[in-house]
Each structure stands twice: as structure tokens, then as C-alpha cells.
Amino acid sequence: MNPSITKAHYTNITQCYEEILDYESVVLVFPPIRNKFPKTDYLYLLYSDLLEKRPFQYTVKSINAFRHILLPFYALRYRKKIALHYHWLEFQNLKSLLAFPYKLLWFSIFALMKNPIIWTVHNLEPHDGKWLSFHKWLHKSMAKHAHKLHIHDKVLLRDTSHYLNVPMHSNKWCIVPHPYFPAEVKERKHSISTLNERYSASIPENATIILLFGNISAYKGILEFIDWMIGYLNRKNWDDVIHIIIAGPVKKGQVGYHQRIRTAISLNPQYFSYLPYFFPEDEYPYLLSASDYCLFNYKSIHTSGGLMMALSYNRKVIAPNIGIFLSQKDNTDVQLFNDKDELYQIINQIWNSQSKPRYE
89 MNPSITKAHY TNITQCYEEI LDYESVVLVF PPIRNKFPKT DYLYLLYSDL LEKRPFQYTV
149 KSINAFRHIL LPFYALRYRK KIALHYHWLE FQNLKSLLAF PYKLLWFSIF ALMKNPIIWT
209 VHNLEPHDGK WLSFHKWLHK SMAKHAHKLH IHDKVLLRDT SHYLNVPMHS NKWCIVPHPY
269 FPAEVKERKH SISTLNERYS ASIPENATII LLFGNISAYK GILEFIDWMI GYLNRKNWDD
329 VIHIIIAGPV KKGQVGYHQR IRTAISLNPQ YFSYLPYFFP EDEYPYLLSA SDYCLFNYKS
389 IHTSGGLMMA LSYNRKVIAP NIGIFLSQKD NTDVQLFNDK DELYQIINQI WNSQSKPRYE
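Per this note's numbering, residue 89 is the first one in the sequence shown, and the count goes up by one each step.
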């Protein structure tokens, strides 16, 4: 352990571990790191120093839900030189809820054996808003037993502290920035033609492109933005100034929402390109490079990987004035809005701009 590190702000996750773990200890990570996606997997990028650079200060091992049964055996094997780092402590359907007692049993035994627990607080509430009271109880219980609570920016500390009932001055807090994504910026015209060819899209090269990307889900406010944008563009009556790309796989349980999006877009297809697909890692550069702006219309949010990917590609960002987006209030490439009127002003500025932003 390194007792010299006393502050809550760190540059990487390794420094957070140094307060509670001896070097050469094992860190178990749940859910599993997707090693096949080193450029887009959040967990891989968070632990990249420990996965890629030798000598390894800590050994990182992924565990899945079934392998929770092995937690006590890991604890016995490594004898006080082991910790568990948990991410996304929530469940979104009945199946995951019913499986939770199994994970909780083995997790609790591991904790009772006095092994350190680290929890990254990605969300204060589940995105779908289900079982809020139970989630709050679960999160507070985790916060009570965790040795370290990891968040991605100081702007999140006050709300997270209040929600979990953990004082802001507690030594549990560990602030490590969200990792950036390796960017491979491509030529804009080529990126648009590539997307059009591969996905049978009709993205116009001469329009300002606004991208909404990530899993298709209701909490992102995609349908609300579509309805609002159709009204705006119909009043302008000019098809080729702004074009909206909506891209990403349909999240489990969101097929109905996906169908509503498809129906809304079908009424005004000239304004939109809807690509509800999983994008392979090597196609993200085309998606981001084709776009001028990345827009987020979340109703509520804590941390956003999409924001970090947009910033990694030097895209301009339009986002609500909440959560992790507050950390970008001084970034001139990020425009934050509080309501629809302010969003209207931002879109209107784009519309009226004589010089379209380009990233060649």
C-alpha cells in the first residue's frame, strides 16, 4: 500500500487501489472486461494500464455472474491480497432480479472475509426507472460496505454523496476521470459515403450532421427530440441544412420504443438516417467522423461514455445541463441547455450559421 496518497483525485484507477491494496494483489472485476474491444470497451480502457503495461502492479481478473460462486475461493487463495471492483449495480428485468440473490450470497461471503470492495457509481437510478426503492436500498448498502466509491468527476460528488448518504469529506471517495477513447478521425466525405454504402443510408454531404448514438432506449429522449425536430424543420421547410443520424443497437426490452422511432421518422424521412444496428469497433470512426455535432437529450444522467467518445473525436456536443455534462461547462465545444427553449436557440444558431463546422 502507498500511504502517501491521501487526496481523492487520481489520474488512473491504479492510484485508487494503492490506498487499500498491496502491490501484486488481484483485482476481480464485474462485469467482465470485453478484451476483444480495446478501443470501445469502457472497462478495458479503464484498466488499460494494468492490462497492457509491464510489470503489472495488480493482476486484473474478470468474473461473470455465474462465477460469483468462486469469490470465497479466490479470497482464500490470495489471502488478503485481493479486492472486488463492482460496476453497474442494478437489474433491469425480472430475470436479472431473480438472479440477484445468487450473486448477493457469494458477494456477501467475500465481504465478510474482510476483503476490500470498490464500487464505481455509474448511475444513481436505473435508466428504466424500475424498482427505485429497492435499488436505493441496495446502493446505500453497497456504499456502506465499500472501501472505495469511484466516480468520474468532482461535479458528481455532491449528488452522489447525498444519494448514498456518504459525507463528501469521507475517505471512501475516489475520483478518477472517465477514460478517453482512442480516436481514428477519418475524412468526412469518405465517412459519409462509407455509411451510405454499408447501411443503405442517404446521408447528405452538404448538410450539418447531428448524431445521436448509443443503445436505443427511452431514457435517452430520442423520440421526444425527433418529434421536436420534425416540427422545427417543417417550419423551416429546407431539407438539406440539418440532417440527423440516430445510430446504435436496440436495447433489450426497447423494441416497442424502436418501432415508435421508426414510425415517427417514416413521416419525414428526408431529415433522418436511422441505423438501429450494432456497430463493430472499426466502424465507429466513420460514424463519429461523418458528424459535426453529437447531441444528447437525456432526461437524467450521471455518467456518459457517449460524451467521452464525442470529445475523443473532437466533435461539438449539445447536451442537457445535468450530471457529467456539467464538467464541460467551460468547454467552448460543448453547448448545454436547460430546457427546450435553450435547445431551440442552439439549433437555431446552427441553422443560421453561414459557415458550417467541418472536421476534414
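All C-beta atoms, glycine included, are put in the ideal place defined by N, C-alpha and C.
All of these numbers come straight from a predicted model, not from anything done at the bench.
- Our two residues, Phe-118 and Lys-324, have alpha carbons roughly 49 Å apart in a direct line.
- Looking at the backbone, the Cα of Ala-96 and that of Trp-261 are separated by about 6 Å.
- Runs of the alpha helix (DSSP H) lying entirely within the stretch 133-214, each at least 4 residues long, are 136-140, 159-166, 182-200 in chain order.
- Taken through DSSP and simplified to helix, strand or coil, Phe-384 comes out as coil.
- Judged by DSSP secondary structure, Phe-222 falls outside any beta strand (DSSP E) and instead within the alpha helix (DSSP H) spanning 220-233.
- The C-alpha of Ile-197 is placed about 24 Å away from the C-alpha of Cys-104.
- Under the three-state reduction of DSSP output, Thr-296 falls in the strand class.
- Residue pairing by DSSP leaves Val-343 without any beta bridge partner.
- Sequence-distant partners of His-331 (beyond 5 residues in either direction) whose C-beta falls short of 8 Å from its own C-beta, in its chain, are Ile-291, Pro-292, Ala-295, Thr-296, Ile-297, Ile-298, Tyr-359, Phe-360, Ser-361.
- Taking 8 Å as the cut-off, the Cβ atoms of His-238 and Ile-412 do not count as close.
- Under DSSP, Leu-116 forms a beta bridge with Lys-149, Leu-172.
- DSSP places Leu-355 in the coil class of the three-state scheme, outside both helix and strand.
- Assignment of Phe-125 by DSSP, reduced to helix, strand and coil, places it in the coil class.
- The stretch 154-162 and the stretch 187-205 touch, with no fewer than 3 CB-CB distances between them shorter than 8 Å.
- Put simply, the backbone Cα of Pro-255 is about 22 Å away from that of His-266.
- In chain order, Lys-339, Gln-342 place their CB closer than 6 Å to the CB of Ser-305, counting only its own chain and leaving out the 5 sequence neighbours on each side.
- Taking 8 Å as the cut-off, the Cβ atoms of Ile-314 and Ile-349 count as close.
- Boundaries cannot be given for Ala-306, as no alpha helix (DSSP H) includes it and DSSP labels it neither H nor E.
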